[in-house]
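Chains as they are written, first to last, in the working numbering: chain A, 625 to 776; chain B, 65 to 384.
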């Protein structure tokens, strides 16, 4: 789509419907992503729920570190196999974990992924999975820093 | 109180465990529906369960349905946990057998309040079950001796004798009557008489096998059925019961009293064409013969109206 201007005129006319379709699809996904809002990670809220128990927080964060990676991998494998039911179940599990850890934005993306899995919308699921991977990747440095801080 | 947590997500499970521990619950945690069912099928299962709706394998709904199929078990209060929150979801969850429903992520105070509500329901259920069991006991047992009452012992005996006919085995019917019991009441008072009846009942019950039956037939009469008994050992078993009663004085109101019993026997294998009432009448006539022969002894009713006595009789006869 980026190099559309360099193409000869006949080629432009030929691929125009595809370009429109691509933009429309992207717009639909972006619109869906825009609905996925919220705080990235509300540590204060989480600690309040844990009665300020830093040790327990570390235990949960270590689980997050392991389980989020494993679940993302599992979700990716489900998507490749087009096993949308299992994908939805995996996303549901992730959603529970993320929401409980007050990782609100990632939790909402996991919810969107679960919905896409339930509706068997492969393309949406692909996009949400990418978003979820990114959201988790963004959370990891903060998680590591928190773990290092408490452990120190 | 023990509570079961079934949740596949480790973080949610640990958080629930910690919250529940802090609230004073003992927690059994599992990660899927099948394990939840196994936990709830154990001998003393948790009475409260928090079940995640979506779990690998059996989901929470399926666990609810399976639990509700077992109506013979003690009631388990089931709370479904899920992020599903449409009315249709709630209705589906409750129809599957859940008692309550919590939407995730849940508020801890709300969770505790709902668990307390569950405990109240369980306490109420326990009281009802206790009352029902007490009524059942009173309807089937003699309240003084805690033995089967007359109606139940006759019914059970009827069943056992019918079975002995079908299986070509033998049920030994023993009619036992305390000797001179009236004198105990007259000389020592009715409270002492009650002590004697209770102690004799206890000795009879302890001297038979778990699948034999002892009941109070009336006043100072007891009915004993020895099921699947070898006819050749019937007299020895009766002699044993007689010796158990007379062998050691009974403490009545703190005073030792010598008590003896006369026993009349009838064997179902001798009376294949008779019904229970007739067999009991045969045992009764053998009992009268034992009384007439001096009490504290055993007599056996035989076909043709003959009354047989054991080869060995007690040497000294005690009167109470």
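Think of the CB as a built atom: it goes at the ideal place given N, C-alpha and C, for glycine as much as any other residue. Predicted model only: the values in this text are computed from it and were never measured.
| request: At 9 Å on the CB atoms, spell out the chain B contacts of residue 691 (chain A), in chain order. | output: Here residue 691 (chain A) corresponds to residue number 67 of the first chain, with the count starting at 1. Here the neighbours are 73, 74, 75.
| message | Helix, strand or coil for residue 647 (chain A)? Go by DSSP, reduced to three states. | response | Stepping through the first chain from its first residue, residue 647 (chain A) is reached at position 23. In this predicted model, residue 647 (chain A) has a pLDDT of only 47, less than 50, meaning its place in the structure is not dependable; the value taken from the coordinates is given anyway. Looking at residue 647 (chain A) - three-state DSSP - the assignment turns out to be helix.
| At a Cβ threshold of 8 Å, is residue 147 (chain B) touching chain A? | Reading the second chain from its first residue, position 83 is the one you call residue 147 (chain B). Yes, contact with chain A.
| message | Quick check on residue 740 (chain A): buried or exposed, where buried means 16 or more other Cβ atoms within 10 Å of its Cβ? | response | Counting from 1 along the first chain, the entry for residue 740 (chain A) is found at position 116. Classified as buried, residue 740 (chain A) has 16 or more neighbouring CB atoms from the shown chains inside 10 Å of its CB.
| request: Could you have a look at residue 97 (chain B) and say whether DSSP puts it in helix, strand or coil? | output: Taking the first residue of the second chain as 1, we reach residue 97 (chain B) at position 33. Note: residue 97 (chain B) maps to helix in three-state DSSP.
| Would a check of beta-carbon distances place residue 106 (chain B) closer than 8 Å to chain A? | By 1-based counting over the second chain, the position of residue 106 (chain B) is 42. Residue 106 (chain B) does not count as touching chain A.
| alpha helix (DSSP H) segments (min. 4 residues) lying fully within the stretch 176-206 of chain B | none
| Reference residue 299 (chain B), options B:342, B:364, B:269, closest by Cα | If you number the second chain from 1, residue 299 (chain B) lands on position 235. With distances taken between Cα atoms, residue 299 (chain B) lies closest to B:364.
| field | Length of the line joining the Cα atoms of residue 277 (chain B) and residue 115 (chain B) | value | Translated into the one-based positions of the second chain, residue 277 (chain B) becomes position 213. Translated into the one-based positions of the second chain, residue 115 (chain B) becomes position 51. Each residue's alpha carbon lies about 45 Å from the other.
| residue 140 (chain B) and residue 111 (chain B) closer than 8 Å at C-beta | Taking the second chain and counting its residues from 1, the one referred to as residue 140 (chain B) is at position 76. Taking the second chain and counting its residues from 1, the one referred to as residue 111 (chain B) is at position 47. Yes; because the gap between Cβ atoms is below 8 Å, this pair is in contact.
| query | For residue 756 (chain A), is the classification buried or exposed, using 16 other Cβ atoms within 10 angstroms of its Cβ as the cut-off for buried? | reply | Walking along the first chain from the start, residue 756 (chain A) turns up at place 132. Its Cβ being crowded by 16 or more others within 10 Å, residue 756 (chain A) is buried.
| query | beta strand (DSSP E) containing residue 106 (chain B): first to last residue? | reply | Looking up residue 106 (chain B) in the second chain gives position 42. Segment: none, residue 106 (chain B) is in no beta strand (DSSP E) and carries neither H nor E.
| Bounding residues of the beta strand (DSSP E) (the contiguous stretch that carries residue 282 (chain B)) | As a first step, residue 282 (chain B) is located in the second chain; it is residue number 218 there, counting from the start. Start and end: 277-282.
| message | Is there a Cβ of chain A sitting closer than 8 Å to that of residue 176 (chain B), yes or no? | response | The residue given as residue 176 (chain B) occupies position 112 in the second chain. Chain A contact via Cβ: absent.
| message | Can you look up residue 89 (chain B) in the DSSP assignment and give me helix, strand or coil? | response | Residue 89 (chain B) sits at position 25 when you count from the first residue of the second chain. Here DSSP, grouped into helix, strand and coil, assigns residue 89 (chain B) to coil.
| Amino acids of chain B, ordered along the chain, whose beta-carbon sits closer than 8 Å to that of residue 719 (chain A) | As a working mapping, residue 719 (chain A) is identified with position 95 in the first chain. Under a criterion of Cβ atoms nearer than 8 Å, the residues of chain B adjacent to residue 719 (chain A) are, in order, 147.
| In chain B, which residues lie less than 7 Å from residue 752 (chain A) when you measure between Cβ atoms? | On the first chain, residue 752 (chain A) is found 128 positions in, with the first residue counted as 1. Correct list: empty, because the minimum Cβ distance to chain B is about 16 Å.
| field | Closest residue to residue 89 (chain B) among B:175, B:306, B:248, B:171 (Cα-Cα distance) | value | Here residue 89 (chain B) corresponds to residue number 25 of the second chain, with the count starting at 1. Among B:175, B:306, B:248, B:171, the Cα nearest to that of residue 89 (chain B) is on B:175.
| query | Just to confirm, are residue 160 (chain B) and residue 125 (chain B) a CB contact at a threshold of 8 Å? | reply | Counting from one through the second chain, the residue named residue 160 (chain B) turns up at place 96. Counting from one through the second chain, the residue named residue 125 (chain B) turns up at place 61. Closer than 8 Å, so yes.
| task | Using a threshold of 8 Å, state whether the C-beta atoms of residue 734 (chain A) and residue 725 (chain A) are closer than that. | result | Here residue 734 (chain A) corresponds to residue number 110 of the first chain, with the count starting at 1. Here residue 725 (chain A) corresponds to residue number 101 of the first chain, with the count starting at 1. The Cβ-Cβ distance between residue 734 (chain A) and residue 725 (chain A) does not fall below 8 Å.
| Classification of residue 77 (chain B) by the beta-carbon crowding that lies within 10 angstroms, buried from 16 upward | On the second chain, position 13 is the one that residue 77 (chain B) refers to. Counting Cβ neighbours within 10 Å, residue 77 (chain B) comes out buried, since at least 16 surround it.
| request: Using DSSP bridges, identify the partner residues of residue 146 (chain B). | output: The residue you call residue 146 (chain B) lines up with position 82 of the second chain. Beta-bridge pairing links residue 146 (chain B) to B:167.
| query | Are the beta-carbon atoms belonging to residue 347 (chain B) and residue 328 (chain B) less than 8 Å from one another? | reply | The residue given as residue 347 (chain B) occupies position 283 in the second chain. The residue given as residue 328 (chain B) occupies position 264 in the second chain. Note that the C-beta distance between residue 347 (chain B) and residue 328 (chain B) is below 8 Å.
| task | Starting from the C-beta of residue 279 (chain B), find all residues in its chain whose C-beta is less than 6 Å away, skip the five residues before and the five after it, and write them out in chain order. | result | In the second chain, the residue the question calls residue 279 (chain B) occupies position 215. Cβ within range, chain order: 211, 212, 217, 287.
| said: If contacts are defined as beta-carbon pairs under 8 Å, then residue 295 (chain B) and residue 331 (chain B) qualify, I think. What distance do you get, rounded to the angstrom? | reply: Here residue 295 (chain B) refers to the residue found at position 231 of the second chain. Here residue 331 (chain B) refers to the residue found at position 267 of the second chain. 5 Å between Cβ atoms; contact.
| request: Report yes if the CB atom of residue 235 (chain B) is closer than 8 Å to the CB atom of residue 305 (chain B), and no otherwise. | output: In the second chain, residue 235 (chain B) corresponds to position 171, counting from 1. In the second chain, residue 305 (chain B) corresponds to position 241, counting from 1. No, the pair does not count as a contact, with Cβ atoms beyond the cut-off.
| field | Spatial distance of residue 229 (chain B) from residue 273 (chain B) (CA atoms) | value | Locating residue 229 (chain B) in the second chain gives position 165, counting from the first residue. Locating residue 273 (chain B) in the second chain gives position 209, counting from the first residue. So the two alpha carbons sit approximately 21 Å from each other.
| Does residue 151 (chain B) come within less than 8 Å of chain A when only Cβ atoms are used? | Looking up residue 151 (chain B) in the second chain gives position 87. Taking Cβ atoms only, chain A never reaches closer than 8 Å to residue 151 (chain B), which makes this a no.
| field | Neighbour list for residue 120 (chain B) in chain A, Cβ cutoff strictly below 8 Å | value | The residue given as residue 120 (chain B) occupies position 56 in the second chain. Residue 120 (chain B) reaches chain A at 713, counting residues in chain order whose Cβ is nearer than 8 Å.
| said: Quick check on DSSP: helix, strand or coil for residue 346 (chain B)? | reply: Taking the first residue of the second chain as position 1, residue 346 (chain B) is located at position 282. The answer is helix: DSSP assigns residue 346 (chain B) an H, G or I state.
| said: Using beta carbons (cut-off 8 Å, strictly below), is residue 686 (chain A) in contact with chain B? | reply: Walking along the first chain from the start, residue 686 (chain A) turns up at place 62. No, no contact with chain B.
| field | residue 70 (chain B) versus B:87, B:121, B:193, residue with shortest Cα-Cα distance | value | Position 6 of the second chain, counted from the first residue, corresponds to residue 70 (chain B). Taking only the C-alpha atoms, the option nearest residue 70 (chain B) is B:121.
| field | Close Cβ partners of residue 575 (chain A) (< 6 Å) along its chain, the five nearest in sequence each way excluded | value | Because chain A here runs from 625 to 776, residue 575 (chain A) falls outside it and cannot be looked at.
| message | Is there a C-beta anywhere in chain A that falls below 8 Å from the one on residue 78 (chain B)? | response | Here residue 78 (chain B) refers to the residue found at position 14 of the second chain. At least one C-beta of chain A is nearer than 8 Å to the C-beta of residue 78 (chain B).
| Taking the C-alpha atoms as reference points, what is the distance between residue 282 (chain B) and residue 324 (chain B)? | Reading the second chain from its first residue, position 218 is the one you call residue 282 (chain B). Reading the second chain from its first residue, position 260 is the one you call residue 324 (chain B). Distance from the CA of residue 282 (chain B) to the CA of residue 324 (chain B), rounded to the nearest whole angstrom, comes to 17 Å.
| Local conformation of residue 708 (chain A) per DSSP, three classes | Here the question's residue 708 (chain A) lines up with position 84 in the first chain. If DSSP states are grouped into helix, strand and coil, residue 708 (chain A) belongs with the helices.
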